[in-house]
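**Q** In this note's numbering, the protein residues as written are 1 to 302. C-beta: ideal position from N, C-alpha, C; glycine also.
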């Protein structure tokens with residue numbers, strides 16, 4: 001495997017206290033191993049405070065250069081921090097080592113207590129990769145051939161109505177065929193890795209990450225016949241709102257939101273040229289993670 005020399009570290013936003021001890025220790029640990037350490041330019045003032053001014057051995061790079069300038073990216077935060085890095089890749093990402101500083105940590109593979117040992121093995125080339133594709137979302141207005149918006153998600157994209165107690169109606173198509181008209185609070189389109197997020201809370205199925213599928217999960221459908229639907233991820237999903245105003249929103253991974261205009265069309269496709277590469281924790285399996293994080297399949301024995 002390629003030598004991992006240039007290490008970039010991405011931190012959970014707006015939190016300093018929990019990094020004041022662990023981050024200087026990590027930097028010293030990496031420098032002893034002759035690694036180059038980089039943070040984002042926009043974090044320079046924050047890093048200066050965390051390191052108490054001693055930043056002479058640290059580098060700062062533009063966010064647009066993160067993936068090209070890094071042999072390894074370490075994210076320190078929750079799943080949202082890692083997803084934010086993944087959503088901005090240009091093509092194939094460098095290996096991403098996710099350290100869970102949050103609560104759930106489903107996608108972030110490594111806990112604070114164990115990550116130094118696992119990082120040591122990773123830097124020696126002893127690691128395995130989980131590859132995930134991003135999904136592309138395009139919005140087309142009625143009068144334009146080119147999309148008025150283009151974005152990407154790793155977990156899910158949600159179409160919903162921000163107004164309280166206001167139902168919306170969506171026309172949903174795939175492979176050129178009309179699937180249904182959905183009346184309700186909205187629709188979640190999720191990837192397999194995102195099936196354990198909002199979709200699961202809305203009654204959707206758990207999909208193993210190696211299954212090539214997309215899940216369409218209605219949010220509070222105004223009909224008992226609208227159930228979650230799993231379709232091949234080779235299919236395009238096309239969504240149209242029968243009535244659009246400023247209350248109908250498109251939300252990608254809970255991090256980016258777009259307001260839909262009247263007669264806008266949404267198109268969702270798997271983007272096979274944008275591949276996220278996550279370093280696996282050798283002590284975790286997918287089914288063990290389901291049990292640990294969600295107590296999946298747990299049953300009290302009396």
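Please classify residue 263: does DSSP put it in a helix, a strand, or coil?
**A** Working through the chain shown from its first residue, we reach residue 263 at position 263. Correct three-state label for residue 263: coil.
**Q** Which residue comes first and which comes last in the beta strand (DSSP E) that contains residue 138?
**A** Within the chain shown, the letter at position 138 stands for residue 138. First-last of the beta strand (DSSP E) with residue 138: 129 to 140.
**Q** Do you know how far the Cα of residue 43 is from the Cα of residue 57?
**A** Start at 1 with the first residue of the chain shown, and residue 57 comes out as number 57. Start at 1 with the first residue of the chain shown, and residue 43 comes out as number 43. For residue 57 and residue 43, the distance between alpha carbons rounds to 15 Å.
**Q** Given a threshold of 16 other Cβ atoms within 10 Å of its Cβ, counted over all protein chains shown, does residue 274 qualify as buried or as exposed?
**A** Reading the chain shown from its first residue, position 274 is the one you call residue 274. With 16 or more other Cβ atoms within 10 Å, it is buried.
**Q** Anyone know if the C-beta pair for residue 193 and residue 132 falls short of 8 Å?
**A** Your numbering for residue 193 matches position 193 in the chain shown. Your numbering for residue 132 matches position 132 in the chain shown. Result yes, Cβ atoms of residue 193 and residue 132 sit closer than 8 Å.
**Q** By how many angstroms is the C-alpha of residue 170 removed from the C-alpha of residue 276?
**A** Within the chain shown, the letter at position 276 stands for residue 276. Within the chain shown, the letter at position 170 stands for residue 170. Answer to the nearest angstrom: the Cα atoms are 31 Å apart.
**Q** Measuring only the C-alpha atoms, how far is residue 160 from residue 290?
**A** As a first step, residue 160 is located in the chain shown; it is residue number 160 there, counting from the start. As a first step, residue 290 is located in the chain shown; it is residue number 290 there, counting from the start. Rounded to the nearest angstrom, the two C-alpha atoms are 28 Å apart.
**Q** Can you grab the Cα-Cα spacing for the pair residue 272 / residue 201, in whole Å?
**A** As a first step, residue 272 must be located in the chain shown, where it is residue number 272. As a first step, residue 201 must be located in the chain shown, where it is residue number 201. Each residue's alpha carbon lies about 27 Å from the other.
**Q** Please say whether residue 183 and residue 223 have beta carbons closer to each other than 8 Å?
**A** The residue you call residue 223 lines up with position 223 of the chain shown. The residue you call residue 183 lines up with position 183 of the chain shown. It is a contact, given that the beta carbons lie within the stated cut-off.
**Q** Using CA coordinates, which residue listed in 262, 257 and 287 is at the minimum distance from residue 137?
**A** As a position in the chain shown, residue 137 is number 137, starting the count at 1. Comparing Cα-Cα distances from residue 137 to each of 262, 257 and 287, the minimum goes to 257.
**Q** Output the residue ranges of the beta strand (DSSP E) runs that lie fully inside the segment 164 to 199 and measure 3 residues or longer, sorted by chain position.
**A** The segment 164 to 199 contains these whole beta strand (DSSP E) runs: 168 to 174, 177 to 184 and 186 to 190.
**Q** Comparing alpha-carbon positions, which option in 142, 207, 148 and 120 lies nearest residue 74?
**A** The residue given as residue 74 occupies position 74 in the chain shown. Closest option to residue 74, Cα to Cα, is 120.
**Q** Go ahead and pull the three-state DSSP assignment for residue 66.
**A** Sequence index remark: in the chain shown, residue 66 carries index 66 (1-based). Reduced to three states, the DSSP call for residue 66 is coil.
**Q** Identify, in the order they occur along the chain, each residue of the same chain with its Cβ nearer than 7 Å to the Cβ of residue 77, setting aside the five sequence neighbours on each side.
**A** Counting from 1 along the chain shown, the entry for residue 77 is found at position 77. The residues are 11, 12, 101 and 102.
**Q** Apart from the five residues just before and just after residue 270, which ones in its own chain have a Cβ nearer than 6 Å to its Cβ?
**A** The sequence position of residue 270 within the chain shown is 270, counting from 1. Around residue 270: 133, 135 and 233.
**Q** Using the C-alpha atoms, what's the distance from residue 118 back to residue 4?
**A** In the chain shown, the residue the question calls residue 4 occupies position 4. In the chain shown, the residue the question calls residue 118 occupies position 118. Between residue 4 and residue 118, the C-alpha separation is close to 14 Å.
**Q** Could you tell me the alpha carbon to alpha carbon distance between residue 167 and residue 186, rounded to whole angstroms?
**A** By one-based count along the chain shown, residue 167 stands at place 167. By one-based count along the chain shown, residue 186 stands at place 186. Cα-Cα distance, rounded: 8 Å.
**Q** Return yes when the Cβ of residue 230 is within less than 8 Å of the Cβ of residue 207, no when it is not.
**A** As a first step, residue 207 must be located in the chain shown, where it is residue number 207. As a first step, residue 230 must be located in the chain shown, where it is residue number 230. Contact: yes.
**Q** Near residue 48, which residues of its chain fall below 7 Å by C-beta distance, leaving aside the five closest residues on each side in sequence?
**A** For the purposes of this step, residue 48 is taken as residue 48 along the chain shown, with counting starting at 1. Closer than 7 Å at Cβ, skipping near neighbours: 55.
**Q** Reducing DSSP to helix, strand and coil, say where residue 38 ends up.
**A** In the chain shown, the residue the question calls residue 38 occupies position 38. Strand.
**Q** Let me confirm a value: residue 282 is counted as buried when at least 16 other C-beta atoms fall within 10 Å, else exposed. Which label applies?
**A** Indexing the chain shown from 1 puts residue 282 at position 282. Exposed: under 16 other Cβ atoms inside 10 Å.
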